[in-house]
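> Once you've had a glance at the structure underneath, I'll fire off some questions.
Protein chains: 2
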Amino acid sequence: MIEVEVKAHTYLDYTRNLLEEQGARFVESEHHFDSYYNAPHRDFAHTDEALRIRSRDGKAFLTYKGKKKDSISKTREEFETPVDPESMRNILLSLGFREYGVVEKERDVYKLDDFVIALDSVEKLGEFIEVELGAESESESEIEQKSKRIFEFLNKLGIGREESIRKSYLELMMEKKG
Amino acid sequence: MIEVEVKAHTYLDYTRNLLEEQGARFVESEHHFDSYYNAPHRDFAHTDEALRIRSRDGKAFLTYKGKKKDSISKTREEFETPVDPESMRNILLSLGFREYGVVEKERDVYKLDDFVIALDSVEKLGEFIEVELGAESESESEIEQKSKRIFEFLNKLGIGREESIRKSYLELMMEKKG
Numbered sequence: 332m333i334e335v336e337v338k339a340h341t342y343l344d345y346t347r348n349l350l351e352e353q354g355a356r357f358v359e360s361e362h363h364f365d366s367y368y369n370a371p372h373r374d375f376a377h378t379d380e381a382l383r384i385r386s387r388d389g390k391a392f393l394t395y396k397g398k399k400k401d402s403i404s405k406t407r408e409e410f411e412t413p414v415d416p417e418s419m420r421n422i423l424l425s426l427g428f429r430e431y432g433v434v435e436k437e438r439d440v441y442k443l444d445d446f447v448i449a450l451d452s453v454e455k456l457g458e459f460i461e462v463e464l465g466a467e468s469e470s471e472s473e474i475e476q477k478s479k480r481i482f483e484f485l486n487k488l489g490i491g492r493e494e495s496i497r498k499s500y501l502e503l504m505m506e507k508k509g
Numbered sequence: 332m333i334e335v336e337v338k339a340h341t342y343l344d345y346t347r348n349l350l351e352e353q354g355a356r357f358v359e360s361e362h363h364f365d366s367y368y369n370a371p372h373r374d375f376a377h378t379d380e381a382l383r384i385r386s387r388d389g390k391a392f393l394t395y396k397g398k399k400k401d402s403i404s405k406t407r408e409e410f411e412t413p414v415d416p417e418s419m420r421n422i423l424l425s426l427g428f429r430e431y432g433v434v435e436k437e438r439d440v441y442k443l444d445d446f447v448i449a450l451d452s453v454e455k456l457g458e459f460i461e462v463e464l465g466a467e468s469e470s471e472s473e474i475e476q477k478s479k480r481i482f483e484f485l486n487k488l489g490i491g492r493e494e495s496i497r498k499s500y501l502e503l504m505m506e507k508k509g
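Sequences listed follow chains Y and X, in order.
Its first residue numbered 332, the first sequence is counted upward by one per residue in the working numbering.
Its first residue numbered 332, the second sequence is counted upward by one per residue in the working numbering.
Here's what the structure looks like:
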């Protein structure tokens, strides 16, 4: 599955009001505890991949994200499977992977048409909005067209293209640390 | 979890009769389709590790087995998590792991006291028995004592210690191929 995703800093109270005025439908609140792992044979900080165990309200998932596919949005290839988080962690550590960062957040999910909107309050980093559209193919034209729609949507919330952030929460956390 | 496990070639019909005479209780029949993966950064054929996706009657599991801990039985450290097999396969391939062997078998599981007994009919390899005991610790004395109990048990089925096979089904399959 390909996801086209754009993220920006925001003020959640302000954005939530605008979203609801646009007719967005609240879906659910989630608590995410994310552990990120790096590989023994290549450095994901350079290859721009990510491998994560997410614990979410009693469930857990292993997610792999490939490198970003274009220079504007955060489009990546993504695979995800449910896992038992403790066993999965032990398997990764046994294989020589190591944990190198943790991101914890509260996420409120909204939907409007085919947009999935996340309002995130991220520990130590602040408040963000992420807007996502699914894509059928990896074609540049489709990704460009979906990105354009997302930026038009963000504009209605008072957020300009120049405010978008390509970095992941993990990267932002690492910058803060370092 | 540590498992102490001994495997031997056998004739299933013959062994099944002896097992039932001993009072073993039939638990279930399982169909296993096992895909084995090798790592990009070390060769499991040399490190004696194994990483497997097992599809079993509609469910699937990722299992990691560490190197064998002693020279007689097949004791290893083992971690296992339920997964979605297609997504897990895609994650492993994306990380640079590669599939290098498939083992398919029918397994009948029996229990007797704390013994777990598998009667396996393995495609292209033939018929085998595997007997397993759980161990609390990795102490040599505990593993030795459990192995001794397994060999005494196998003796009652007419199978001698010298008939035990340390190799995995995958190794046997690779030998056959090579």
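Even glycine gets a Cβ: it sits at the ideal position worked out from N, Cα and C.
As the structure is a prediction and not an experimental result, all values here were calculated from the model.
Where DSSP assigns a beta bridge to Y:Gly443, which residues make up the other side?
Reading the first sequence from its first residue, position 112 is the one you call residue 443 of chain Y. Looking at the sequence provided, one finds Leu at residue 443 of chain Y rather than Gly. In the DSSP output, where bridge partners are listed per residue, Y:Leu443 has Y:Phe446.
> Does the CB of X:Ala370 have a neighbour CB from chain Y at under 8 Å?
On the second sequence, position 39 is the one that residue 370 of chain X refers to. Yes - at least one Cβ of chain Y is within 8 Å of the one on X:Ala370.
> Would you mind stating whether Y:Glu430 and Y:Asp388 have Cβ atoms separated by less than 8 Å?
Walking along the first sequence from the start, residue 430 of chain Y turns up at place 99. Walking along the first sequence from the start, residue 388 of chain Y turns up at place 57. Against a cut-off of 8 Å, the Cβ pair of Y:Asp388 and Y:Glu430 comes out as no contact.
> Counting beta carbon pairs with one atom in the stretch 379-397 of chain Y and one in the stretch 332-341 of chain X, are three or more of them shorter than 8 Å?
Cβ pair count under 8 Å is below three, so no.
> Under DSSP, the alpha helix (DSSP H) around X:Thr346 begins and ends at which residues?
On the second sequence, residue 346 of chain X is found 15 positions in, with the first residue counted as 1. Unbroken alpha helix (DSSP H) run through X:Thr346: 343-353.
> Applying the criterion that 16 or more other CB atoms from any shown protein chain within 10 Å of the CB defines a buried residue, is Y:Ser366 buried or exposed?
The residue you call residue 366 of chain Y lines up with position 35 of the first sequence. Looking at its Cβ environment, which holds 16 or more other Cβ atoms inside 10 Å, Y:Ser366 is buried.
> Interface residues of chain Y around X:Ser499 at Cβ under 8 Å?
For the purposes of this step, residue 499 of chain X is taken as residue 168 along the second sequence, with counting starting at 1. Chain Y residues near X:Ser499: none, gap ~17 Å exceeds 8 Å.
> Would you list, in chain order, the members of the stretch 474-498 of chain Y that have their beta-carbon closer than 9 Å to a beta-carbon of chain X?
So nothing in the stretch comes that close.
> If you check the beta carbons only, do X:Tyr354 and X:Leu443 fall under 8 Å apart?
For the purposes of this step, residue 354 of chain X is identified with residue 23 of the second sequence, where counting begins at 1. For the purposes of this step, residue 443 of chain X is identified with residue 112 of the second sequence, where counting begins at 1. Note on residue identity: the sequence assigns Gly, not Tyr, to residue 354 of chain X. For X:Gly354 and X:Leu443, yes; Cβs fall inside 8 Å.
> From X:Val358 to X:His372, what does the alpha carbon distance come to, in whole angstroms?
Taking the first residue of the second sequence as position 1, residue 358 of chain X is located at position 27. Taking the first residue of the second sequence as position 1, residue 372 of chain X is located at position 41. In a straight line, the C-alpha of X:Val358 is about 39 Å away from that of X:His372.
> Using a Cβ-Cβ cutoff of 8 Å, what residues of the stretch 419-430 of chain Y are near chain X? List them in chain order.
Cβ contacts with chain X come from Met419, Asn421, Ile422, Ser425, Leu426, Gly427.
> Considering just the uninterrupted stretch of the alpha helix (DSSP H) at Y:Pro416, what are its terminal residues?
The residue given as residue 416 of chain Y occupies position 85 in the first sequence. Taken as a continuous stretch (DSSP letters only), the alpha helix (DSSP H) holding Y:Pro416 covers 416-425.
> DSSP has Y:Gly432 in a bridge; who is on the other side?
The residue labelled residue 432 of chain Y in the question sits at position 101 within the first sequence. Its beta-bridge partners are Y:Tyr367.
> Work out the CA separation of Y:Ser478 and X:Gly457 for me, nearest whole Å.
Here residue 457 of chain X refers to the residue found at position 126 when the second sequence is read from its first residue. Here residue 478 of chain Y refers to the residue found at position 147 when the first sequence is read from its first residue. For X:Gly457 and Y:Ser478, the distance between alpha carbons rounds to 56 Å.
> Measuring only the C-alpha atoms, how far is Y:Gly432 from Y:Ala466?
Within the first sequence, numbered from 1, the residue matching residue 432 of chain Y stands at position 101. Within the first sequence, numbered from 1, the residue matching residue 466 of chain Y stands at position 135. Computed Cα separation, rounded: 29 Å.
> For Y:Ile481, which three-state DSSP category applies?
Counting from 1 along the first sequence, the entry for residue 481 of chain Y is found at position 150. Looking at Y:Ile481 - three-state DSSP - the assignment turns out to be helix.
> Of the choices X:Glu351, X:Asp344, X:Gly427, X:His363, whose alpha-carbon is the least far from that of X:Arg374?
Here residue 374 of chain X refers to the residue found at position 43 when the second sequence is read from its first residue. Note on identity: in this sequence residue 374 of chain X is Asp, with Arg being the wrong assignment. Nearest option by C-alpha distance: X:Gly427.
> Return the residue from the list Y:Ser425, Y:Arg438, Y:Glu408 that minimises the CA-CA distance to X:Leu424.
To locate residue 424 of chain X, count along the second sequence from 1; it is residue 93. Among Y:Ser425, Y:Arg438, Y:Glu408, the Cα nearest to that of X:Leu424 is on Y:Glu408.
> In this structure, how does DSSP classify Y:His377 when only helix, strand and coil are distinguished?
For this step, residue 377 of chain Y is matched to residue 46 along the first sequence. Three-state DSSP puts Y:His377 in a helix.
> Give the C-beta separation of Y:Ile325 and X:Thr378 to the nearest angstrom, bearing in mind that I take them to be a contact with Cβ-Cβ under 8 Å.
The requested residue 325 of chain Y is not part of the displayed model; chain Y covers only 332 to 509.
> Output, in chain order, the set of chain X residues within a Cβ distance shorter than 9 Å of Y:Thr341.
Here the question's residue 341 of chain Y lines up with position 10 in the first sequence. Within 9 Å Cβ-Cβ: nothing; Y:Thr341 doesn't reach chain X, min ~31 Å.
> Kindly confirm or deny that the stretch 468-483 of chain Y and the stretch 339-349 of chain X touch, where touching means at least three C-beta pairs closer than 8 Å.
Not touching, per the Cβ criterion.
> Between which two residues does the alpha helix (DSSP H) harbouring X:Leu503 extend?
Stepping through the second sequence from its first residue, residue 503 of chain X is reached at position 172. Here the alpha helix (DSSP H) through X:Leu503 covers 500-508.
> CA-CA distance, X:Phe459 and X:Asp451?
Here residue 459 of chain X refers to the residue found at position 128 when the second sequence is read from its first residue. Here residue 451 of chain X refers to the residue found at position 120 when the second sequence is read from its first residue. Going by the C-alpha atoms only, they are around 5 Å apart.
> Am I right that Y:Val434 and Y:Ile448 are in contact with their C-beta atoms under 8 Å? What's the rounded C-beta distance?
For the purposes of this step, residue 434 of chain Y is taken as residue 103 along the first sequence, with counting starting at 1. For the purposes of this step, residue 448 of chain Y is taken as residue 117 along the first sequence, with counting starting at 1. About 19 Å; that fails the 8 Å criterion.
> Determine whether the Cβ of Y:Asp379 lies closer than 8 Å to any Cβ atom of chain X.
Counting from 1 along the first sequence, the entry for residue 379 of chain Y is found at position 48. Output row for Y:Asp379: interface = no.
> In the structure shown, what three-state DSSP assignment does X:Ser470 receive?
Position 139 of the second sequence, counted from the start, is the residue given in the question as residue 470 of chain X. Correct three-state label for X:Ser470: coil.
> In whole angstroms, what separates the C-alpha of Y:Tyr395 from that of X:Tyr441?
What you label residue 395 of chain Y is simply residue 64 of the first sequence in a count that begins at 1. What you label residue 441 of chain X is simply residue 110 of the second sequence in a count that begins at 1. One C-alpha to the other measures close to 38 Å.
> Return the residues of the stretch 450-467 of chain Y that lie within a Cβ-Cβ distance of less than 8 Å from chain X, sorted by chain order.
Residues passing the 8 Å Cβ filter: none.
> Only counting the same chain, and skipping five residues up and downstream in sequence, which positions put a Cβ closer than 6 Å to that of X:Leu503?
By 1-based counting over the second sequence, the position of residue 503 of chain X is 172. So the qualifying residues of the chain are Leu456.
> In this structure, how does DSSP classify X:Glu454 when only helix, strand and coil are distinguished?
Against the second sequence, residue 454 of chain X aligns to sequence position 123. Coil at X:Glu454, not helix or strand.
> Take the Cβ of X:Glu352 as the centre, count every other Cβ of all protein chains shown within 10 Å, and call the residue buried at 16 or more, exposed below.
Residue numbering aside, residue 352 of chain X sits at position 21 when the second sequence is read from its first letter. So X:Glu352 ends up on the exposed side.
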